[in-house]
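>
Protein chains: 2
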Amino acid sequence: MPSLAPVGNGFSGPGAHRRYAGPMTVEPLRNEESALPLRERKKLRTRRLLADTALRMFLEGGFEETTLDDLVDTVEVSVRTFFRYYSSKEEVAMAAEGELWEAYASEVARLRISGPVLPLLRDCYADAVRGLSGDWARRYLATRKLAARTPALRVYHAGTTQDLQARLVEMLEDKLGVDSREDVRLRLIGEMALASVRYGTKNWMRALGHRGGADGTETLITEVGRAFDALPGALSLSPDTLDRPRRHGDQKGAPTRPPRG
Amino acid sequence: MPSLAPVGNGFSGPGAHRRYAGPMTVEPLRNEESALPLRERKKLRTRRLLADTALRMFLEGGFEETTLDDLVDTVEVSVRTFFRYYSSKEEVAMAAEGELWEAYASEVARLRISGPVLPLLRDCYADAVRGLSGDWARRYLATRKLAARTPALRVYHAGTTQDLQARLVEMLEDKLGVDSREDVRLRLIGEMALASVRYGTKNWMRALGHRGGADGTETLITEVGRAFDALPGALSLSPDTLDRPRRHGDQKGAPTRPPRG
DNA sequence: GGATAAACTGCCAGTTACTGGCATAATACC
DNA sequence: GGTATTATGCCAGTAACTGGCAGTTTATCC
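Same order as they appear, the protein sequences are chains S and P. Numbers 1 to 261, taken from the working numbering, label the letters of the first sequence in order. Numbers 1001 to 1261, taken from the working numbering, label the letters of the second sequence in order.
1) With P:L1194 as the anchor, note down where its alpha helix (DSSP H) starts and where it stops.
2) May I have the straight-line CA-CA distance separating S:L194 from S:L132, to the nearest angstrom?
3) For the alpha helix (DSSP H) that P:T1241 lies in, which residues bound it at each end?
4) Per DSSP, what kind of secondary structure is S:D179 in: helix, strand or coil?
5) Would you grab the beta carbon distance between S:Y140 and S:A96 for me? Rounded to a whole angstrom, and I think it's under 8 Å.
6) Within a Cβ cutoff of 7 Å, which residues of the same chain sit near P:L1068, ignoring the five residues on either side of it in sequence?
7) Jot down the residue ranges of each uninterrupted alpha helix (DSSP H) in the region 42-94 of chain S, minimum 4 residues, whole runs only, in chain order.
8) Taking S:V108 as the reference, give the member of S:L164, S:Y156, S:V77 and S:A137 with the closest Cα.
9) Which residues in chain S sit within 8 Å of P:Y1199, going by Cβ to Cβ distance?
10) Tell whether a beta-carbon distance below 8 Å holds between S:R144 and S:T53.
11) Closest Cβ-Cβ distance between P:I1221 and chain S: below 8 Å?
12) May I ask whether a heavy atom of the ligand SAH can be found less than 7 Å away from the beta carbon of P:L1118?
13) Taking P:V1092 and P:A1051 to be in contact with their CB atoms under 8 Å, please state how far apart those CB atoms are, rounded to whole angstroms.
14) On the criterion of 16 or more Cβ atoms from any shown chain inside 10 Å, does S:R187 qualify as buried, or is it exposed?
15) Using three-state DSSP, classify P:L1111 as helix, strand or coil.
16) Can you list, in chain order, the residues of its chain whose CB lies under 8 Å from that of S:L263, leaving out five sequence neighbours each side?
17) Please list the partners that S:L208 has in chain P, where partner means a Cβ-to-Cβ separation under 7 Å.
18) Which residues in the same chain have their Cβ closer than 7 Å to the Cβ of P:Y1125, if we skip the five residues on either side of it in sequence?
19) Alpha helix (DSSP H) containing P:T1222: first to last residue?
20) Out of curiosity, what's the CA-to-CA distance linking P:T1241 and P:G1098?
21) Tell me whether P:R1138 sits in a helix, a strand or coil according to DSSP, three-state version.
22) Using a Cβ-Cβ cutoff of less than 7 Å, which residues in the same chain neighbour S:L120 once the five nearest sequence positions on both sides are dropped?
23) State the Cα-Cα distance for the pair S:Y85 and P:T1150, rounded to the nearest angstrom.
24) Apart from the five residues on each side of it in sequence, which residues of its chain come closer than 6 Å, Cβ to Cβ, to S:G203?
25) Under 8 Å, Cβ to Cβ, is there at least one residue of chain S near P:A1021?
26) State the DSSP-derived secondary structure class of P:S1133, mapped to helix, strand or coil.
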């Protein structure tokens, strides 16, 4: 067992249990969902109601302050049932992000590689976002805002991001036929792809914070794409190559760094 | 309050409490510690005993399986006291990494920037590692091995790494006199520095896994340095630029990716 | 050296996330 | 309409963590 990449069983609901491994949030169905067995539709409804209610309550009352009992009382399911849908309080809070990660992973999975890898990964992200429902962007923005002010969710977010990255690298290994342990660049590509996603998303949040979130989807894609494209230029960053005049002089204490050993 | 960067109060022991924010593991004293007030030395001893014992017990009996009561019984302190030294079970397990992060951050803090930033960050890492005690490399290797097989610790690790990155970027902003929101490259530099650290460390662990961990310190520095230097080459990765002949043919299911929208 | 102040420690009782087991109820299948 | 499947609820339990207070140890001041 090389690692513990997220499982991703069929979809939603009662399934595996493990304590804190990668979440398995999925929800791949959007339009096809009317053609589902009645029971499945009910489960899906519960699952969404849990995520939506949780997000709303956490935003209003705070993540730590809002107890799981509060949530399940509101949704009117038992605690035990909650844990058959989500494996932790963090997971239900970050459900929207879980959907994105799943979509991204499955875009990369269907990818056939020719040409430079990094732009391909950028396009996969765009396709993934476009594949999500119209309501998604709003939920995701709210989710990330909540996470920004909640330490436990920031940690959880970092964890799922790392998991996703591991999955991407693994898939790229297969597709390119190389072992990431032999070619340094492969794993670094994974790092940089996720770095771009993180950074682009941060800019997106800031942009949408002021103007209302009209069409978040396209803005998000633009920002993340911009981050991807900025990578080569970032490598050579030095004081001399800065655009804007930097304020010289006071370096905040600490003289030039003396050698340690 | 822009974010919740780790506090890093003086050193060790009973102090702040918050639930899950950035850890504050420090232990900056090594040789000077004999010249400490008696009480401080005692605290330091307890703190180290907790970390060492925890690491040993977790490695032998598993992180989840070993309970906090087991630990405090062995060390012979009360549970309440434990939480005055470490703010979570995860933190005590990853204490060695906490020390590294603190050392890295303080190296960067004393940095005066001239020339390309990335090589400077690479050297800071080297200096930080060299500044840690001789025992440290062994503890760190054990810590990371434990984390590799423990989901909760992988998540925690991802969290602290993100926190460190945020701190680095913040410090670079100050030193360069730019706002990372205005210059994309600044934050991406942070992403890539941490990416190199992560990746280099991974290689180090693999290298030291086979041959015993003779002098881990220098090997670690070498591997991380190598990862830093490989960054520019990684950006252009494409099937054509791969060194080794890639196995063609079977792309594991999934035909060429059809456009989604 | 002894008294006062400060800091560290232990105990207790409580909250909350999370889990296994089993009985019950709802749905699918025939 | 009867039966197998599967989701749900309840119960009791564990383990991480926290606040409060009392007791003890160390620093400080005289």
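A virtual CB, placed ideally from N, CA and C, is assigned to each residue, including glycine. Model, not experiment: these values are computed from the prediction.
Inspection of the coordinates gives the following:
1) Element bounds for P:L1194: V1184 to H1210.
2) The C-alpha of S:L194 lies about 19 Å from the C-alpha of S:L132.
3) P:T1241 -> no alpha helix (DSSP H), and no H or E assigned at all.
4) Reduced to three states, the DSSP call for S:D179 is coil.
5) So it is a contact: roughly 4 Å between Cβ atoms.
6) V1079, F1082 and K1089.
7) Complete alpha helix (DSSP H) runs here, min 4: 68-75, 79-85 and 89-93.
8) Comparing Cα-Cα distances from S:V108 to each of S:L164, S:Y156, S:V77 and S:A137, the minimum goes to S:L164.
9) Neighbours of P:Y1199 on chain S, chain order: V184, R187, L188 and E191.
10) With contacts defined as CB atoms closer than 8 Å, S:R144 and S:T53 fail to qualify as a contacting pair.
11) No, its Cβ sits nowhere closer than 8 Å to a Cβ of chain S.
12) In terms of ligand content, the structure shown is empty, and the ligand SAH therefore cannot be addressed.
13) Their Cβ separation, rounded to whole angstroms, is 6 Å, which keeps P:V1092 and P:A1051 in contact under 8 Å.
14) Burial is judged here by how many other beta carbons sit within 10 angstroms of a residue's own beta carbon; S:R187 has at least 16 and is buried.
15) Secondary structure at P:L1111: coil, using DSSP grouped into helix, strand and coil.
16) Absent from the structure is residue 263 of chain S, since the part of chain S shown begins at 1 and ends at 261.
17) Ordered by position in chain P, no residue passes the 7 Å Cβ test against S:L208, which lies about 14 Å from the chain.
18) Cβ within range, chain order: Y1104, V1197 and V1224.
19) In the DSSP annotation of this structure, the continuous segment of the alpha helix (DSSP H) that includes P:T1222 starts and ends at G1216 to L1235.
20) Their backbone Cα atoms lie some 38 Å apart in a straight line.
21) P:R1138 falls in the helix class under three-state DSSP.
22) By the criterion of a C-beta distance shorter than 7 Å, S:L120 is surrounded in its chain by L111 and I113, once the five residues flanking it on both sides are discounted.
23) Straight across, the Cα-Cα distance linking S:Y85 with P:T1150 is about 23 Å.
24) Checking the displayed sequence, the identity of residue 203 of chain S turns out to be Asn instead of Gly. Excluding residues within five positions, the ones whose Cβ falls inside 6 Å are E223.
25) Here the model assigns P:A1021 a pLDDT of 34, short of 50, so the residue's position is not dependable and the matter cannot be decided.
26) DSSP places P:S1133 in coil when its eight states are reduced to three.
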